[in-house]
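Visitor:
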Amino acid sequence: MPRSDPQHAPSQRRRMLSLGMSRALFVAATQATDVLSFVFGAYLAHSIRFGSDPFQSLEVGPVILSVILVLLVFPTARATGLPALENPWRGVKRMSQAFASVFVVLAIIGFSLQQTEQFSRLWVVSWIVATYFSLLCTRVWWSGFLKHGIDSGYLRERIALIHGRDQRYLDAIIADLRAHGFEIDALVPLYPEAPAAVALDSAPTGSTPRRFDDLTDFVHRFGTDAKTDRALLIPDTNTGMTLHQIAADLRMISLDVDVIPCGYDPSLLGRIPRLAGRIPVVNLMTRPLSDADVFVKRTEDLILGGLFLIPLLPVLALIALLVKLDSPGPVLFAQSRAGFNNVPFRIYKFRSMYVHDDPHVRQATRDDDRITRVGRVLRRTSLDELPQLFNVIRGSMSLVGPRPHALAHDREYTEMIGTYIARHRMKPGLTGWAQVNGWRGETDTLEKMLKRIEHDLYYVDTWSLFFDLKIIVLTLRVLYHRNAY
90 MPRSDPQHAP SQRRRMLSLG MSRALFVAAT QATDVLSFVF GAYLAHSIRF GSDPFQSLEV
150 GPVILSVILV LLVFPTARAT GLPALENPWR GVKRMSQAFA SVFVVLAIIG FSLQQTEQFS
210 RLWVVSWIVA TYFSLLCTRV WWSGFLKHGI DSGYLRERIA LIHGRDQRYL DAIIADLRAH
270 GFEIDALVPL YPEAPAAVAL DSAPTGSTPR RFDDLTDFVH RFGTDAKTDR ALLIPDTNTG
330 MTLHQIAADL RMISLDVDVI PCGYDPSLLG RIPRLAGRIP VVNLMTRPLS DADVFVKRTE
390 DLILGGLFLI PLLPVLALIA LLVKLDSPGP VLFAQSRAGF NNVPFRIYKF RSMYVHDDPH
450 VRQATRDDDR ITRVGRVLRR TSLDELPQLF NVIRGSMSLV GPRPHALAHD REYTEMIGTY
510 IARHRMKPGL TGWAQVNGWR GETDTLEKML KRIEHDLYYV DTWSLFFDLK IIVLTLRVLY
570 HRNAY
């Protein structure tokens with residue numbers, strides 16, 4: 090029976106925003122309150138010294154300069170960000186150092202310009218005291234807010250641990266990560282004989298992690314349950330697997346991967362380490378799209394998708410009527426396809442074939458007798474794909490991306506082509522780089538599918554907004570293509 094304990098609920102909640110975007114907004118909000126604390130402190134000091142008199146021009150300069158210094162000094166002193174708020178005492182210490190640095194720089198500039206005698210000492214002291222008190226209050230509030238966000242799961246980073254044989258080492262890492270607010274979302278042994286983590290079974294907090302048989306199982310099942318934010322690789326020299334081999338497998342999915350350095354490895358040279366809890370880690374690979382890129386691409390889909398959909402609504406209605414009059418059956422054809430990170434979704438098309446009960450999925454061919462009269466025109470002009478604009482608006486697809494295939498074909502080609510699944514690191518698209526280069530329609534040979542995958546992976550690895558716009562323009566030029574039927 091599933092647990093109802095709220096401590097086990099966070100991993101089941103669906104975030105409105107990605108973890109990275111949520112944390113970025115949180116950090117931006119704390120920086121904004123730091124700036125406002127300096128402005129509020131100056132205003133309060135002015136009220137204490139001058140009452141209701143308007144702000145003097147002489148006071149404006151130091152306030153503006155303090156805002157600039159806050160934006161420069163506080164991040165440099167690591168006084169902003171989640172680590173400074175997760176540990177309140179450490180955060181107050183760093184904030185105090187950054188705060189003192191700002192006023193020291195202001196004093197140096199004032200003495201250099203011989204302007205210090207023009208300022209009221211009461212105003213300066215009041216500004217310092219009011220600002221520091223305001224910073225303390227906002228930091229305490231943000232620390233409490235962060236703790237709530239971590240406890241509820243919205244700001245807690247979910248880690249997949251890819252591990253080897255050493256049980257004690259694994260338990261120590263799990264204990265440290267949990268002590269610093271991380272959630273262990275998945276356990277992935279590098280090989281089936283690797284141990285199950287005892288620390289997880291006795292841990293007082295956190296949800297039960299997903300367990301996988303090995304790395305291959307993780308890659309193929311990734312994304313079907315809870316959402317992993319990052320993978321942490323714990324190398325094991327006894328596996329015989331190099332970092333390059335492990336990274337090649339993990340490159341099949343969209344996930345940031347860190348590694349705990351273990352001995353000398355040329356592939357990690359020049360990479361800057363950071364801390365996960367108290368554990369030094371180095372980034373091994375990143376997702377194709379950062380959180381900012383995801384936001385840009387989603388905005389592109391909503392704006393351009395809406396601009397395409399609204400004027401096409403009368404066309405959609407006319408096509409629906411023609412499909413209905415041409416042959417019995419539903420207007421729309423809905424089918425499950427594999428989407429981003431291999432998560433299934435329902436794709437919509439105008440029905441272009443006669444209704445049949447054939448359980449086997451066959452690709453359409455040029456003179457396929459299953460295609461209706463209206464359907465043949467729709468396929469030749471790609472108008473049967475127009476309902477997928479609704480998929481784009483809903484977010485299960487993008488305007489541009491690798492075209493989704495039938496699930497049966499996904500299973501078939503996953504076995505035949507080692508890099509096939511890597512195309513799911515991006516949302517499937519209404520059109521794609523492969524399609525505008527002629528690799529659309531039936532893939533009746535393995536060579537054709539290999540060329541399609543090659544173009545899909547090139548798009549995934551080199552995405553940009555301008556690349557998307559280029560593909561959209563090219564799509565309008567090749568809608569009537571000889572390979573579409």
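Residue numbers (our numbering): 90 to 574.
The beta carbon of each residue, even a glycine, is placed where N, CA and C say it ideally should be.
1) Runs of 4 residues minimum, wholly inside the segment 174-210: which ones carry the alpha helix (DSSP H) assignment?
2) Take every Cβ of the segment 113-130, pair it with every Cβ of the segment 227-236, and state whether three or more of those distances are shorter than 8 Å.
3) Which residues does DSSP pair with D347 in a beta bridge?
4) Please report the straight-line C-alpha distance between A320 and E246, rounded to a whole angstrom.
5) Could you tell me the distance, in whole angstroms, from the CA atom of M184 to the CA atom of L158?
6) Cβ atoms of P350 and V383: under 8 Å apart, would you say?
7) What ranges does the alpha helix (DSSP H) occupy inside the segment 482-549, keeping only unbroken runs of at least 4 residues that lie completely in it?
8) Verify whether the separation of the beta carbon atoms of I273 and I323 is less than 8 Å.
9) What's the C-alpha gap between L472 and I239?
10) So, is W522 buried or exposed, given that buried needs 16 or more other C-beta atoms within 10 angstroms?
11) Give the C-beta separation of G518 and S487 to the nearest angstrom, bearing in mind that I take them to be a contact with Cβ-Cβ under 8 Å.
12) So, at 8 Å on beta carbons, what are the nonlocal neighbours of L391 in its own chain, with the 5 sequence-adjacent residues on each side left out?
13) Does the segment 533-552 come within contact of the segment 488-506, defined as at least 3 CB pairs closer than 8 Å?
14) For G66, does the count of other Cβ atoms within 10 angstroms reach 16, so buried, or fall short, so exposed?
15) Hey, how far is the Cα of T534 from the Cα of W528?
16) The beta strand (DSSP E) that contains V308, what's its start and end?
17) Output the boundary residues of the beta strand (DSSP E) element that contains V277.
18) Taking Cβ positions, are L304 and I262 nearer each other than 8 Å?
19) Residue range of the alpha helix (DSSP H) that F556 falls in?
20) Relative to the C-alpha of P278, which residue among W178, P369 and L259 is closest?
21) Is the beta carbon of G366 closer than 8 Å to that of H269?
22) Go through its chain and collect everything with a Cβ distance to A292's Cβ below 7 Å, but skip five positions before and after it.
23) Measure how close the beta-carbons of T461 and S425 come, nearest whole angstrom, since I'm counting them as under 8 Å.
24) State whether the segment 132-142 contacts the segment 187-206, with contact taken as three or more CB pairs (one from each stretch) at a distance under 8 Å.
25) Excluding five sequence neighbours on each side, which residues of the same chain lie with their C-beta closer than 8 Å to the C-beta of V466?
26) Which residues does DSSP list as the beta-bridge partners of Y437?
27) Could you tell me the alpha carbon to alpha carbon distance between I342 and N430, rounded to whole angstroms?
28) Just the Cα atoms here: how many angstroms apart are I561 and L396?
29) Excluding the 5 residues flanking F479 on each side, which residues of the same chain have their C-beta closer than 8 Å to its C-beta?
30) Judging by CA-CA distance, which residue of L211, C226, T165 and L421 is the nearest neighbour of S190?
31) Do D265 and I368 have their beta-carbon atoms positioned less than 8 Å apart in this structure?
32) Does the beta-carbon distance from V181 to V152 come in below 8 Å?
33) Grab the span of the alpha helix (DSSP H) containing L391 for me, first residue to last.
34) Provide the residue(s) that pair with M442 in DSSP beta bridges, ordered along the chain.
35) Cutting at 6 Å between CB atoms, please list the residues of its own chain near M374, excluding the five before and the five after it.
Guide: From the atom records:
1) 177-201
2) yes
3) L321 and N372
4) 10 Å
5) 13 Å
6) no
7) Complete alpha helix (DSSP H) runs here, min 4: 496-505 and 522-525.
8) no
9) 47 Å
10) buried
11) The Cβ separation is near 5 Å, so the contact holds.
12) If we look at L391 and ignore the five residues flanking it on each side, its Cβ neighbours are I482.
13) yes
14) It is not possible to answer for residue 66, since the shown part of the chain is limited to 90 through 574.
15) 12 Å
16) Per DSSP, V308 belongs to no beta strand (DSSP E); it is in the alpha helix (DSSP H), L304 to R310.
17) E272 to P278
18) Contact flag unset, no.
19) L554 to R566
20) L259
21) yes
22) The pLDDT assigned to A292 is 46, lower than 50, so where the model puts this residue is not dependable; a value taken from the coordinates is nonetheless given after this. So the list reads R267, once near-sequence residues are dropped.
23) Not really, about 23 Å apart at Cβ, beyond 8 Å.
24) Flag = no, the segment 132-142 and the segment 187-206 do not touch.
25) L472
26) As a beta-bridge residue in DSSP terms, Y437 pairs with A423.
27) A direct Cα-Cα distance of roughly 6 Å separates I342 from N430.
28) 13 Å
29) L398 and Y437
30) T165
31) Yes, the pair counts as a contact, with Cβ atoms nearer than the cut-off.
32) no
33) D380 to D415
34) Partner(s): I460.
35) Around M374: A336 and V346.
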